[in-house]
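One structure is given below, encoded as structure tokens.
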Amino acid sequence: MMIRAQVIFPCLIFAVVAVLLASGLFVYHYSWTVIGFPLGAGLFVCVMCVGDVAMSLTGRDPKPPANEEPLEPLSITAVAWAFALVPFVVAFGFVFGPALYLLAYLFSNGSSWRVAAVISTASLLVTWGLFIQLMRVPMPVEPLWW
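Heads up, the sequence shown is in my numbering, so the first residue is 111 and it goes up one at a time.
Written out as structure tokens, the structure reads:
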């Protein structure tokens, strides 16, 4: 059963990504400036899915070391933090929301103020510099309720 899930899930991801990329290229006829980054990222995801399926089918899955600690069970807090990004983006926008989310998450999980501030600032600079300034992705900078 586990081997089947290890093969089916990456195949489904591959199929969804391939359909989305094909629709962007052949149905919507996006220009190269629009489809360039998603095409590269989507092709990378597809290659990783093919590699994962090949490793699962040949039995060459990486085995964890015997002395590795077991995984922690999924908690309500972890699920809440996963969904907390949405209110941050709605309240503070696509540029400042993820940065403030990272600041709150890292600080509340035991990181120092310095580490949390550096990582959230890096997130802010990547979002603003790479996506908005360099790639000209039209992201709403203001909060969504503004």
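The beta-carbon is built from N, C-alpha and C at its ideal position, and this holds for glycine as well. In this text, all values refer to a predicted model and were calculated from it rather than measured experimentally.
Quick one: Cα of V200 to Cα of V251, how far?
11 Å
At least one CB of chain D closer than 8 Å to the CB of T231: is that the case?
This model lacks chain D altogether, as it is built from one protein chain only.
Identify the continuous alpha helix (DSSP H) that holds A201 and give its terminal residues.
L195 to S218
In three-state terms, what does DSSP make of P250?
coil
If you count every other CB in all the chains shown that lies within 10 Å of the CB of S233, and 16 or more means buried, which is it?
buried
Minimum C-alpha distance to S230 - residue among T237, T168 and L213
L213
Just the C-alpha distance for F198 and Q116, rounded to the nearest angstrom, thanks.
33 Å
Determine, using beta-carbon pairs with one atom in the stretch 182-198 and one in the stretch 138-155, whether at least three such pairs fall under 8 Å.
no
From V210 to T168, what does the alpha carbon distance come to, in whole angstroms?
For the record, residue 210 in the displayed sequence is Leu; it is not Val. Rounded to whole angstroms, L210 to T168 spans 43 Å at the Cα level.
Assuming T231 is part of the alpha helix (DSSP H), what are its boundary residues?
W223 to L235
Apart from the five residues just before and just after F241, which ones in its own chain have a Cβ nearer than 8 Å to its Cβ?
V247 and M249
Cα-Cα separation, F204 to A190:
19 Å
Between the alpha carbons of I118 and R224, how many angstroms are there, rounded?
42 Å
Looking at the ligand ZN, does it come within less than 7 Å of F147, judged from the CB to the closest heavy atom?
As far as ligands go, the structure on display features none, and thus does not contain the ligand ZN.
Using only the alpha-carbon positions, how far apart do V160 and V126 sit?
13 Å
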